[in-house]
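Listed in order, the protein sequences are those of chains A and B. Under my numbering, the first sequence has 21 at position 21, and the numbering climbs by one with no breaks. Under my numbering, the second sequence has 1114 at position 114, and the numbering climbs by one with no breaks. Reading through the structure tokens given below for one structure.
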Amino acid sequence: MTLDKASHPRRDSRPELLQGTLDMLILRTLLAGAAHGHQIAKHIQRTTEDVLLVEHGSLYPALHRLERKGWIVSKWEKSKDKNREFKFYRLTRTGKAQLNVEQSKWKQLSRAIARVISPAEEN
Amino acid sequence: MHWRRIFFWKQKEDWSHRESDFQHELLVHLKEEEEEQHDAGLSAEEARYAALRAFGNQARITEEIRAMSISIWMEQLAKNFRYAVRALRKQPGFAAIAVISLALGIGANTSIFSITDQMLLRSLPVKDPNRLVLLSWNGQFIGGSSRGYRQSFSYPMYVDLRDNNPGVFTGIAGRWQEIVDLADHGPVERATAELVSGNYFDTLGVGAALGRTLTMEDDKVKDAEPYAVVSYEYWQRRMGGDPSVLNRVIDINGHPMTIVGVVQHGFEGFEAMHPTDVFVSLMMKNTVTPTWDDMARRNSIWLKLFARLSPGVSGAAAKSAMSVAYQTGLRNDLAAVSRNEQFGERYLKNKLIVGDASKGIGNLQTFFSKPLYVLLGMVGTLLLIACVNLASLLLSRSAARQKEIAIRLSLGASRKSLVALILTESLVIALAGGAVGVLLSIWVTSSLVRFLPYDNIDVAIHAVPDWRILGFAAGLSLFTAILFGLLPALRASRPDLARTLKDESGSVSVGRGQMRVRRLLVAAQVMLSLVLLMGAGLFARSLYKLMSIDTGIASSQLVQFTVDPSLHKFTPERSRQYFLDLQTALGRMPGADSASASSFPLLANDAWENTVRVEGFEHPDQNSQAGWNEMLPGFFSTAGVPLLMGREFTPADVAGAPKVVIVNETFAKHYFANDNPVGHRVGFGGSTVPLDMQIVGVVKDLKTTDLKEEPKPYTFTPALQNAQPSAMTFYVRSRQNPRILGQAARQAAGQVDATIPLYEMKSVEAQINETHFMDRLFAFLSAAFASLATLMACIGLYGVTAMAVSRRTQEFGVRMALGATRANIFRLVLGEVVLLTLAGIAVGVPAGLASAKLVASLLYGMSGRNFAVTMAAVAVIVVVSLLAAYLPARRATRIDPIQALRYE
């Protein structure tokens, strides 16, 4: 977990993505099938109804990191609908396993946080 | 084989490839975003900006990804490193042999390089050392001189050169080094003083750390410039770096001198190997050398000169421009010293020589340069053998790991990463070897330096390595790791997968190619060891010859020491009385047979020559030089030099009595052929000097300066007839243990006069050992290096034979089943070793003879082509290789055919 440099509250109401979370979201996106960088970004944006805006500044290093860890692989391929080559990312088997780990970790974490934020709702 | 691409190159290529790949990906992304924005209704321009805005800082992203790649690479390296260390710790035997053999090689190289660097390669720590030149000359010479006279000038000649310099030099400086007695409000100590001309520091461009240096202002009034400047090192070592040292008065040979400055750090005089402690103006020469002044004599040649070239002037141009000034000086010489015309003509043809002085100069440097390069060659060979050993060890190790490697490869490890892994291992070995080697070199260097019989040499040569030396050692380690680790690494990473994995017995199967490489390496080791063995044999034989030289002196049971009362304000009469009293006191010691003294110590590389005129000998063209020394009465009987004719000096041969001289056998033969020289007259000097000395005796030839000198004419005069006696070296003959005798001698001398210190007390045997220390050093080092090399070759031979035996176990089994006897098998194995050894010998003998040519000048009384030495070296190699092969060969004979065949 990384802490943001700015200590004052941000005006933007859209939450910042934590680093580990982005990795998980990328893996989750790729679970549906191969996608290129732009598609991944758009997909995350769309499915969260524009709450999470993926900054490209974090997207590409993240993709690179995941590839290095062997959780995803990449390949330049022609897109079906467009006559242009894209670098498509795919989930590997270890990537899928990792996604499961991340998801269960995330569920634990969010439940824990929820308990702190609104203890009444829990009961 | 794309070995070039495998490690660094490949890595770099990947990098740039990856980066351009990423740039392309970003472009595609931007385009996509742009089209989307355009579809949403923005203009083409606006869409492009919107896309860029959405994307953020491209450069930062690239940077982040790049940093990630580097950190991953480092992580991989660290992982390989840990793995290598773990793997080595599991096989401590292998690791120890590899590290130790490399450490020996690197240690020896580092220490010889360190000495070479400090003695020969380093420039003087002065301003622009490349512009410094040394003045010397060749041709005829006038008058008396010590050794190295062709690098010396008379003081008047110096003044002629300095004052007639046509501007080609910014300055010509003169200097003279001498040992003095120095007292700094405490006991008297020996210190090295350098007499310098006023422009010395200015010409060198050396300043003061404290106070000032000496200047032309200190070079004006003879005997009245009592100012001293001490070296930084001496200031730190002897004066504790006391900042209030300025204006302190010290005693030099009993005369007060005021310290006016401390020289800048690092500069310790012109001769790096003879560090100077205190600098004094040449005007104070009488204080530093109280027994000889010679500042006005044109025929006393002693002052060493150097100069700094003016900007834009070359050494050759300076030489021709200076010839006028030199001619003036030569003419002045002839005017002052009467000689015949023929001589004058020859004398005027003398030439001034301008040579490089950027590294300062010392006889030591000239003396050591050849030996040091030879030593560098020897340690280089040793390192090569160590590396070959390492390569061979790594090969057998990787052979043993073939299975592991095959498994890794089939599980998807890339060949590149495997090579990196194995190479990391040899890197770890090399670094460990380098580190141990550097520690070893500190010890080796300091012991070697202590071996050198020079005062203060341990101050001049530092054993603790500086960054240059550490860089050298690190470079050497990396070089060996990569050069000799790469081949085994490449071989190991290419096993025959199917075969290796199928082989269920777990035994190591070794490819034919690998056996060939290992055999080649072992033959190379044999060859290199043989070269070193031949060298060791030559040096040992040369030393033996040197040690069996007859010095002409009965050197056992003889102890020597030196005194110099002239440094303690003794008048000549008092000095002479002191010498006689000391002689008597020493002779009366219990156990002492006799005692006497000479003014030049025997066999100490210190000598003087004179031109002699001999009655009845008129050959003006012949060089009539003769060595000279002077003695107290009874010297020759004390030293055990037989008197052939006439008599020895007696206490009656004193100043005022008729002047007498004793000559040696060679002198008698040269000047008198078969006549009896006793009674004839001689004089010191050219054809016009009076024949004022009478020959009273002839002694057998003895070695005077060093063991290697050829017999030459020698003259000996009574020390008691010298008007200005200075230092005397006493010799005491006794049946006592030298150490006990030394203590007794100190006591006896203390009773005669307690203020005079005794220097350099030692047995004459020790002194003789000093004269051939270089030969002993070489014999010792070459023997040590050769033994190490042979040991490593032995390990190599054992390894390759053992491997061959295990590889051929089945074959031997079959052979035995078919009726081969154990002796047959034994011969089979040994035959292979003999073949390898013979191959090594076939190349090694010519190589050894060729390298022997390079060291021939260091040998005494023999050439490099010595049949006995060559044969002995070959015999050692043959015996050692048979010993190395014996164990594996025996193992081969014990193979049980049934078991061997069952392995299928």
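Beta carbons are placed, not taken as given, at the ideal position from N, Cα and C, and that holds for glycine.
Query raised in the report: Would you say A:F86 reaches chain B, if we count a Cβ-Cβ gap shorter than 8 Å as a contact?
Result: Residue numbering aside, residue 86 of chain A sits at position 86 when the first sequence is read from its first letter. So, interface residue.
Query - Contacting residues, own chain, Cβ-Cβ under 6 Å from B:K1127 (five flanking each side not counted) - result: Taking the second sequence and counting its residues from 1, the one referred to as residue 1127 of chain B is at position 127. The beta carbon of B:K1127 sits closer than 6 Å to those of G1205, all from its chain and outside the five residues before and after it, given in chain order.
**Report entry** Distance, B:V1764 Cα to B:S1556 Cα
**Finding:** The residue given as residue 1556 of chain B occupies position 556 in the second sequence. The residue given as residue 1764 of chain B occupies position 764 in the second sequence. So the two alpha carbons sit approximately 7 Å from each other.
**Report entry** Against chain C: residues of the stretch 27 to 60 of chain A by CB proximity under 7 Å
**Finding:** Chain labels in this structure do not include chain C; the protein chains are A and B.
Requested in this report: Could you pull the start and end residues of the beta strand (DSSP E) that B:F1561 belongs to?
Outcome: The count along the second sequence starts at 1 and reaches residue 1561 of chain B at position 561. For B:F1561, the enclosing beta strand (DSSP E) begins and ends at 1558 to 1563.
**Report entry** In DSSP terms, what B:S1734 is bridged to
**Finding:** Numbered from its first residue, the second sequence carries residue 1734 of chain B at position 734. According to DSSP, B:S1734 bridges with B:A1592.
Report task. For A:R125, return the contacting residues in chain B, with the cut-off set at a CB-CB distance below 9 Å. Result -> Coverage of chain A is limited to positions 1 through 123, which leaves residue 125 of chain A absent and any answer about it impossible.
Query raised in the report: Alpha carbon to alpha carbon, what distance is there between A:E102 and B:G1041?
Result: Taking the first residue of the second sequence as 1, we reach residue 1041 of chain B at position 41. Taking the first residue of the first sequence as 1, we reach residue 102 of chain A at position 102. B:G1041 and A:E102: Cα-Cα distance of roughly 39 Å.
Query - Rounded separation between B:Y1798 and B:M1792 - CA only - result: Taking the second sequence and counting its residues from 1, one reaches residue 1798 of chain B at position 798. Taking the second sequence and counting its residues from 1, one reaches residue 1792 of chain B at position 792. When rounded, the distance between both Cα atoms is 10 Å.
Query - Under 8 Å by beta carbon: chain B residues contacting A:L65 - result: Residue mapping note: residue 65 of chain A aligns to position 65 of the first sequence, counting from 1. Checking the sequence, you will find Arg at residue 65 of chain A rather than Leu. At a C-beta separation below 8 Å, A:R65 has these neighbours in chain B: M1068.
**Report entry** Interface residues of chain A facing B:R1408 [CB-CB closer than 8 Å]
**Finding:** One-based indexing of the second sequence puts residue 1408 of chain B at position 408. Correct list: empty, because the minimum Cβ distance to chain A is about 16 Å.
Requested in this report: From the DSSP output, read off the bridge partner residues of B:I1172.
Outcome: As a first step, residue 1172 of chain B must be located in the second sequence, where it is residue number 172. Bridge partners of B:I1172: B:A1307.
Query - Residue span of the alpha helix (DSSP H) that contains B:P1092, given as start and end - result: Indexing the second sequence from 1 puts residue 1092 of chain B at position 92. Looking at the DSSP string, the run of the alpha helix (DSSP H) that includes B:P1092 is 1092 to 1116.
Report task. Step through the CB atoms of chain A and report whether any lies within less than 8 Å of the CB of B:R1060. Result -> As a first step, residue 1060 of chain B is located in the second sequence; it is residue number 60 there, counting from the start. It does: the Cβ of B:R1060 has a partner Cβ on chain A nearer than 8 Å.
Query raised in the report: From B:S1505 to B:I1407, what distance separates their C-alpha atoms?
Result: Taking the second sequence and counting its residues from 1, one reaches residue 1505 of chain B at position 505. Taking the second sequence and counting its residues from 1, one reaches residue 1407 of chain B at position 407. Only weak support exists for where B:S1505 lies, its pLDDT of 45 falling under 50; the coordinates are left without a value.
Requested in this report: Tell me whether the beta-carbon of B:L1394 lies closer than 8 Å to the beta-carbon of B:P1243.
Outcome: Stepping through the second sequence from its first residue, residue 1394 of chain B is reached at position 394. Stepping through the second sequence from its first residue, residue 1243 of chain B is reached at position 243. No. Outside cutoff.
Query raised in the report: With 16 as the cutoff for other CB atoms within 10 Å, does B:W1443 come out buried or exposed?
Result: Locating residue 1443 of chain B in the second sequence gives position 443, where the first residue counts as 1. It is exposed - the Cβ of B:W1443 has fewer than 16 other Cβ atoms within 10 Å.
Query raised in the report: For B:T1562, which option in B:L1533, B:Q1525, B:R1746, B:G1433 has the closest C-alpha, if you only look at C-alpha atoms?
Result: Sequence index remark: in the second sequence, residue 1562 of chain B carries index 562 (1-based). Just measuring C-alpha positions, the residue of B:L1533, B:Q1525, B:R1746, B:G1433 sitting nearest B:T1562 is B:R1746.
Query raised in the report: What first and last residue would you give for the beta strand (DSSP E) that runs through B:H1255?
Result: Translated into positions along the second sequence, residue 1255 of chain B becomes position 255. Here the beta strand (DSSP E) through B:H1255 covers 1255 to 1263.
Report task. With DSSP collapsed to three states, give me the class of B:P1718. Result -> Working through the second sequence from its first residue, we reach residue 1718 of chain B at position 718. B:P1718 falls in the strand class under three-state DSSP.
**Report entry** Cβ-based burial, B:G1864 [other Cβ within 10 Å; buried from 16]
**Finding:** Along the second sequence, one-based indexing puts residue 1864 of chain B at 864. Buried, since its Cβ has 16 or more Cβ neighbours within 10 Å.
Query raised in the report: Beta-carbon of B:H1038 versus every beta-carbon of chain A: anything under 8 Å?
Result: Position 38 of the second sequence, counting from 1, holds the residue named residue 1038 of chain B. Output row for B:H1038: interface = no.
Query raised in the report: Excluding sequence positions up to five away, which residues of its chain have a Cβ less than 6 Å from the Cβ of B:H1772?
Result: On the second sequence, residue 1772 of chain B is found 772 positions in, with the first residue counted as 1. Cβ neighbours of B:H1772 beyond the five flanking positions: L1546, L1707.
Requested in this report: Name, please, each residue of chain B whose Cβ falls closer than 9 Å to the Cβ of A:R90.
Outcome: Numbered from 1 along the first sequence, position 90 holds the residue referred to as residue 90 of chain A. The premise fails here: A:R90 is roughly 15 Å from chain B at the closest Cβ pair, so nothing lies under 9 Å.
Query raised in the report: With a cut-off of 8 Å, does the C-beta of A:L68 fall near any C-beta of chain B?
Result: For this step, residue 68 of chain A is matched to residue 68 along the first sequence. For clarity, residue 68 of chain A is Arg in the given sequence; the question names Leu instead. For A:R68, the answer is yes, since a Cβ of chain B falls inside 8 Å of its Cβ.
Query raised in the report: What are the partner residues of B:G1685, as DSSP defines its beta bridges?
Result: Taking the first residue of the second sequence as 1, we reach residue 1685 of chain B at position 685. DSSP lists no partner for B:G1685.
Requested in this report: For B:Y1158, I'd like the list of residues in its chain whose CB is within less than 7 Å of its CB, leaving aside the five on either flank, ordered along the chain.
Outcome: Locating residue 1158 of chain B in the second sequence gives position 158, where the first residue counts as 1. G1174, L1303, L1305, listed in sequence order.
Query raised in the report: Residues in the stretch 1074 to 1087 of chain B with C-beta within 8 Å of chain A's C-beta atoms, listed in sequence order?
Result: Of all residues in the stretch 1074 to 1087 of chain B, none comes within less than 8 Å of chain A when Cβ atoms are compared.
Query - Classification of B:W1467 by the beta-carbon crowding that lies within 10 angstroms, buried from 16 upward - result: Counting from one through the second sequence, the residue named residue 1467 of chain B turns up at place 467. By the 10 Å Cβ count, B:W1467 comes out exposed.
Requested in this report: Indicate the three-state DSSP secondary structure (helix, strand or coil) for B:F1279 in the structure shown.
Outcome: Position 279 of the second sequence, counted from the first residue, corresponds to residue 1279 of chain B. Strand.
**Report entry** Local Cβ density within 10 Å of B:D1653, reported as buried at 16 or more and exposed below that
**Finding:** Counted from its first residue, the second sequence places residue 1653 of chain B at position 653. By the neighbour-count rule (16 or more Cβ atoms within 10 Å), B:D1653 is buried.
Query raised in the report: Is B:E1832 close to chain A, meaning its C-beta is less than 8 Å from at least one C-beta of that chain?
Result: Translated into positions along the second sequence, residue 1832 of chain B becomes position 832. At a cut-off of 8 Å, the C-beta of B:E1832 has no neighbouring C-beta in chain A.
**Report entry** Endpoints, the beta strand (DSSP E) within which B:A1191 is located
**Finding:** The residue labelled residue 1191 of chain B in the question sits at position 191 within the second sequence. Per DSSP, B:A1191 belongs to the beta strand (DSSP E) from 1188 to 1196.
Query raised in the report: Are the C-beta atoms of B:S1020 and some chain A residue less than 8 Å apart?
Result: As a first step, residue 1020 of chain B must be located in the second sequence, where it is residue number 20. So no, B:S1020 is outside the interface.
Query raised in the report: Closer than 8 Å, CB to CB, is B:E1033 near chain A or not?
Result: Position 33 of the second sequence, counted from the first residue, corresponds to residue 1033 of chain B. Interface residue, yes.
Requested in this report: Could you check what DSSP says for B:D1021 in three-state terms: helix, strand or coil?
Outcome: As a working mapping, residue 1021 of chain B is identified with position 21 in the second sequence. Residue state, collapsed to three classes: helix.
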